[in-house]
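What follows is one structure encoded as structure tokens, with my remarks underneath.
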Amino acid sequence: MPTIYETVSSTLLWAVVASLIVAVPGLTIAYLLARREFFGKKVLSTFTTLPLVLPPTAVGYLLLRLFADDGWLGRERLGFDLDIILSWKAVVIACSIMSFPIFVRTARVAFEEVNPRLERMGRTLGMGRQKVFLSITLPLASRGLIAATLLGFTRALGEFGATIILAGNIPGRTQTLASALFSAQQSGNETLANQLLGVSLLVGFIAVYTTERLASKRSLRREQTG
Amino acid sequence: MKGVKTIFNISLKARFGSLKLDLGYKGSKRVLGVFGVSGAGKTTFLECLAGLRKVMSGQITVAGEIWLDTDTSCFVPTEKRHIGYVPQDHLLFPHKNVLGNLEAGKARAVQGGQDFQGILKKVVAVLELEPLLDRSIDQLSGGERQRVSLGRALCSGPKLLLLDEPLASLDLLLRRKILPFLIRIKEAFELPIVVVSHNPTELQVLCDEVLILENGRNVMTGSPNELFTSDSLFDVAKEHGFENVFSGTIIEKSDQVDGLSLSGKDGDLCIQIPATDALLGERVLASIGFENVLIGLDQPRGLSARNCLSATISRVENAGTRWLVHAVVVDAVPEFVVEVTYDAIEALQLESGARIYLVFKTSSVSTLTG
Numbered sequence: 001m002p003t004i005y006e007t008v009s010s011t012l013l014w015a016v017v018a019s020l021i022v023a024v025p026g027l028t029i030a031y032l033l034a035r036r037e038f039f040g041k042k043v044l045s046t047f048t049t050l051p052l053v054l055p056p057t058a059v060g061y062l063l064l065r066l067f068a069d070d071g072w073l074g075r076e077r078l079g080f081d082l083d084i085i086l087s088w089k090a091v092v093i094a095c096s097i098m099s100f101p102i103f104v105r106t107a108r109v110a111f112e113e114v115n116p117r118l119e120r121m122g123r124t125l126g127m128g129r130q131k132v133f134l135s136i137t138l139p140l141a142s143r144g145l146i147a148a149t150l151l152g153f154t155r156a157l158g159e160f161g162a163t164i165i166l167a168g169n170i171p172g173r174t175q176t177l178a179s180a181l182f183s184a185q186q187s188g189n190e191t192l193a194n195q196l197l198g199v200s201l202l203v204g205f206i207a208v209y210t211t212e213r214l215a216s217k218r219s220l221r222r223e224q225t226g
Numbered sequence: 227m228k229g230v231k232t233i234f235n236i237s238l239k240a241r242f243g244s245l246k247l248d249l250g251y252k253g254s255k256r257v258l259g260v261f262g263v264s265g266a267g268k269t270t271f272l273e274c275l276a277g278l279r280k281v282m283s284g285q286i287t288v289a290g291e292i293w294l295d296t297d298t299s300c301f302v303p304t305e306k307r308h309i310g311y312v313p314q315d316h317l318l319f320p321h322k323n324v325l326g327n328l329e330a331g332k333a334r335a336v337q338g339g340q341d342f343q344g345i346l347k348k349v350v351a352v353l354e355l356e357p358l359l360d361r362s363i364d365q366l367s368g369g370e371r372q373r374v375s376l377g378r379a380l381c382s383g384p385k386l387l388l389l390d391e392p393l394a395s396l397d398l399l400l401r402r403k404i405l406p407f408l409i410r411i412k413e414a415f416e417l418p419i420v421v422v423s424h425n426p427t428e429l430q431v432l433c434d435e436v437l438i439l440e441n442g443r444n445v446m447t448g449s450p451n452e453l454f455t456s457d458s459l460f461d462v463a464k465e466h467g468f469e470n471v472f473s474g475t476i477i478e479k480s481d482q483v484d485g486l487s488l489s490g491k492d493g494d495l496c497i498q499i500p501a502t503d504a505l506l507g508e509r510v511l512a513s514i515g516f517e518n519v520l521i522g523l524d525q526p527r528g529l530s531a532r533n534c535l536s537a538t539i540s541r542v543e544n545a546g547t548r549w550l551v552h553a554v555v556v557d558a559v560p561e562f563v564v565e566v567t568y569d570a571i572e573a574l575q576l577e578s579g580a581r582i583y584l585v586f587k588t589s590s591v592s593t594l595t596g
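Chains S and U are the protein sequences, given in the same order. The numbering of the first sequence is the working numbering, which starts it at 1 and goes up by one. The numbering of the second sequence is the working numbering, which starts it at 227 and goes up by one.
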């Protein structure tokens, strides 16, 4: 049996990796949805939100079909085995997919809050689109983007439904904080369940509290400048 | 004309919502004003010049550089046009302090082979920004924001400065503080400037030539004085505060009045104006309403009005429902315009070439700067 420390640290690690994986495509899609008009924008927006409204087990099952031997990304079609199912990679993938919508939605709002006329001012000062993004849009959206990252991270941390279907609940291999708590409760190990609950509460509190603080600083600043 | 370089060569056709922009202008004057009521398309015109809006067809050439030519599919993007754009609401970057804002266009200035530190120093001196450099944007007053916004545009080494209603967002008191800075910019930086405004006095002070915009079309072009005293525009211009504007140097100061020399040296051309904050020797812009000047055929005696200037009528003309007498004091001072009734013209036999005296009270003069 892994110790609580091992369970918690591997859960944190997987959530961090999932957040990193989500960051680049998430930022790109959030920016496109906030700033550009293009064909299929609403469809893209709907698809990125879908994991938020579907039962997590449905998403897990969909991923399972995808990575199964006869799935689109399965051994038979690719000619080699990605070795996803029931591995730590499955945990990371499930966490990434499940935290993607909340990251994109929060980041999109952060980008939308940046006055586009400030970006145009940047262009009149000789900045190309990339420089405008890096030196105006990104810093002005930074608080919102940090909040998006934290929310995405906590979503990944607490992921259960999709993970348990794709990665299982193998102690020492694919067991996360959420699935360990589930097992402890099911097997009647109240002490362990309580300890895991304590850790969950602590991590969750820190993340949400930080987000709240960032959000209140942001609205305070808007009041001052607006 | 030989030897006179065309600075602006602009023709634009575009439609933005209900606004149809269709104008052409070619000119060699360095400071161009654009006058029009709100909704006439002034800001849209500026945004087209800046490349922030795409037009259906047209050409833009500024100081020899082609920025747009739809015939040859040439479109230089905003960031490559070397413009300094000062919007009405300043739009300073809230995540940078004043110095950071001034440095926002540094890369372009350096790329253009300009000495950025030199420009920065000059801008800071001209706009008196030294004490503000470390401040964050939310610590600035309206007038300070305007100065920083002007400074930011100038520091990027522009080849054209675009000013969108530079004084509109400021109250009267602040306008008097900012207007001298605009004049200084005009004098210190040898740049083509386009100023958009619905304030005729502002354009009269700053511009060499004014373009009148009406529903997206330029209906008239000419010198500010000529245009705003014209038949069709005088009423609108007057409604927006158009007056006689003259500049002079403070040569005397007392508690209640200042002596303003219009020529800068000749004692004869000294008028009294209400006391200002300006120091001795400082240049001041003053204005007086057209209806506040009296015309006398002889030098009046025993009047309380303190100012009396000898002048020659250059023309008498009808402007809308009113009659205007244009009079030259000396060549170096802009013409005075006096609004009179037709009765007065007949009774005094006012006609061009007649010698007259312009009489006005000290208190009817107001100062635009200082």
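Virtual Cβ for every residue (Gly too), placed ideally from N, Cα, C.
ask   = Which of helix, strand or coil does DSSP assign to S/Phe-47?
value = Counting from one through the first sequence, the residue named residue 47 of chain S turns up at place 47. It is helical.
task = Quick one: grab the DSSP three-state call for U/Glu-305.
result = Position 79 of the second sequence, counting from 1, holds the residue named residue 305 of chain U. Helix at U/Glu-305.
task = Identify, in the order they occur along the chain, each residue of the same chain with its Cβ nearer than 6 angstroms to the Cβ of U/Pro-406, setting aside the five sequence neighbours on each side.
result = Here the question's residue 406 of chain U lines up with position 180 in the second sequence. Thr-595, listed in sequence order.
C-beta atoms of U/Thr-232 and S/Arg-123 nearer than 9 angstroms = The sequence position of residue 232 of chain U within the second sequence is 6, counting from 1. The sequence position of residue 123 of chain S within the first sequence is 123, counting from 1. No, Cβ-Cβ distance for U/Thr-232 and S/Arg-123 is not below 9 angstroms.
The segment 307-329 of chain U: positions lying closer than 9 angstroms to chain S by Cβ = Residues passing the 9 angstroms Cβ filter: Arg-307, His-308, Ile-309, Gly-310, Tyr-311, Pro-313, Asp-315, Leu-317, Leu-318, Phe-319, Pro-320, His-321 and Lys-322.
Contact with chain U by S/Thr-225, beta-carbon distance below 9 angstroms = Mapped onto the first sequence, residue 225 of chain S falls at position 225. Caution is warranted here: a pLDDT of 47 is assigned to S/Thr-225, below 50, making its placement in the model unreliable, and the coordinate value is therefore given only provisionally. It does: the Cβ of S/Thr-225 has a partner Cβ on chain U nearer than 9 angstroms.
query = DSSP three-state call for S/Glu-37: helix, strand or coil?
reply = Position 37 of the first sequence, counted from the start, is the residue given in the question as residue 37 of chain S. Residue state, collapsed to three classes: coil.
task = Using alpha carbons as the reference points, say which of U/Leu-576, U/Asn-425, U/Ile-499 and U/Val-324 lies closest to U/Gln-365.
result = Position 139 of the second sequence, counting from 1, holds the residue named residue 365 of chain U. For the residues U/Leu-576, U/Asn-425, U/Ile-499 and U/Val-324, the minimum Cα distance to U/Gln-365 belongs to U/Val-324.
Rounded Cβ spacing between U/Leu-486 and U/Leu-535 (contact assumed at less than 8 angstroms) = Here residue 486 of chain U is taken as the residue at index 260 of the second sequence, counted from 1. Here residue 535 of chain U is taken as the residue at index 309 of the second sequence, counted from 1. No, U/Leu-486 and U/Leu-535 are not in contact; Cβ-Cβ is about 12 angstroms, not under 8 angstroms.
Segment contact flag, the segment 439-451 of chain U with the segment 414-421 of chain U, C-beta cutoff 8 angstroms, min 3 pairs = Short answer: they don't touch.
message = To test your reading of the DSSP string, which unbroken alpha helix (DSSP H) runs of 4 or more residues are found completely within the segment 544-581 of chain U?
response = 568-574
inquiry  = Just to confirm, is the Cβ distance from S/Ala-162 to S/Leu-214 under 9 angstroms?
reply    = Position 162 of the first sequence, counting from 1, holds the residue named residue 162 of chain S. Position 214 of the first sequence, counting from 1, holds the residue named residue 214 of chain S. Not a contact, by the Cβ cut-off of 9 angstroms.
key: S/Phe-227, buried or exposed, once every other Cβ within 10 Å from all chains shown has been counted against 16   = Past the boundaries of the shown model lies residue 227 of chain S; chain S is included only from 1 to 226, so the question cannot be answered.
Buried or exposed by the 16-neighbour rule on C-beta atoms within 10 Å, applied to U/Gly-267 = Position 41 of the second sequence, counted from the start, is the residue given in the question as residue 267 of chain U. So U/Gly-267 counts as buried.
request  = For U/Leu-278, go through chain S and note every residue whose CB falls closer than 7 angstroms to its CB, in chain order.
outcome  = Within the second sequence, residue 278 of chain U is the residue found at index 52, counting from 1. Within chain S, the residues near U/Leu-278 are Arg-120.
message = To be precise: take each residue of the segment 159-193 of chain S, compare its Cβ to all Cβ atoms of chain U, and keep it if any distance is under 8 angstroms. Which residues remain?
response = Taking 8 angstroms as the Cβ-Cβ cut-off against chain U, none of the residues of the segment 159-193 of chain S qualify.
task = Could you give the DSSP three-state label for U/Ser-590: helix, strand or coil?
result = Working through the second sequence from its first residue, we reach residue 590 of chain U at position 364. DSSP places U/Ser-590 in helix when its eight states are reduced to three.
ask   = For S/Leu-20, does the count of other Cβ atoms within 10 angstroms reach 16, so buried, or fall short, so exposed?
value = One-based indexing of the first sequence puts residue 20 of chain S at position 20. The residue is exposed, with fewer than 16 neighbouring Cβ atoms inside 10 Å.
key: Buried versus exposed call for U/Lys-280 [16 or more other C-beta atoms within 10 Å across all chains shown]   = Residue numbering aside, residue 280 of chain U sits at position 54 when the second sequence is read from its first letter. Exposed.
inquiry  = For a test of the three-state rule: what should DSSP assign to U/Leu-505, helix, strand or coil?
reply    = The sequence position of residue 505 of chain U within the second sequence is 279, counting from 1. Coil, per DSSP.
key: 9 angstroms Cβ cutoff, U/Thr-304 in contact with chain S   = Reading the second sequence from its first residue, position 78 is the one you call residue 304 of chain U. At least one chain S Cβ lies under 9 angstroms of U/Thr-304.
ask   = Which runs of the alpha helix (DSSP H) spanning at least 4 residues fall entirely within the segment 229-269 of chain U, listed in chain order?
value = none
request  = Quick one: grab the DSSP three-state call for S/Glu-223.
outcome  = In the first sequence, the residue the question calls residue 223 of chain S occupies position 223. Any reading at S/Glu-223 must be qualified, since the residue scores a pLDDT of 48, below 50, and its modelled position is unreliable; the value itself is stated next. Three-state DSSP puts S/Glu-223 in a helix.
query = In chain U, which residues lie with their C-beta within 7 angstroms of the C-beta of S/Pro-139?
reply = As a first step, residue 139 of chain S is located in the first sequence; it is residue number 139 there, counting from the start. The answer, in chain order, is His-321.
inquiry  = Could you give the first and the last residue of the continuous beta strand (DSSP E) run that contains U/Asn-470?
reply    = By 1-based counting over the second sequence, the position of residue 470 of chain U is 244. Per DSSP, U/Asn-470 belongs to the beta strand (DSSP E) from 470-479.
Anticipated Cβ contact below 8 angstroms, U/Gly-515 with U/Ser-578, distance rounded = Here residue 515 of chain U is taken as the residue at index 289 of the second sequence, counted from 1. Here residue 578 of chain U is taken as the residue at index 352 of the second sequence, counted from 1. About 23 angstroms separates the Cβ atoms of U/Gly-515 and U/Ser-578, ruling out a contact at the 8 angstroms cut-off.
Alpha-carbon spacing of U/Ala-501 relative to U/Gly-368, whole angstroms = As a working note, residue 501 of chain U is residue 275 in the second sequence. As a working note, residue 368 of chain U is residue 142 in the second sequence. Approximately 25 angstroms between the Cα atoms of the pair.
key: Per-residue burial, U/Asp-390 [other beta carbons within 10 Å of its own, 16 or more giving buried]   = Here the question's residue 390 of chain U lines up with position 164 in the second sequence. It counts as buried.
U/Glu-331: contacting residues in chain S (beta-carbon distance under 7 angstroms) = As a first step, residue 331 of chain U must be located in the second sequence, where it is residue number 105. Residue identity check: residue 331 of chain U is Gly in the sequence provided, not Glu. The answer, in chain order, is Leu-125 and Gly-126.
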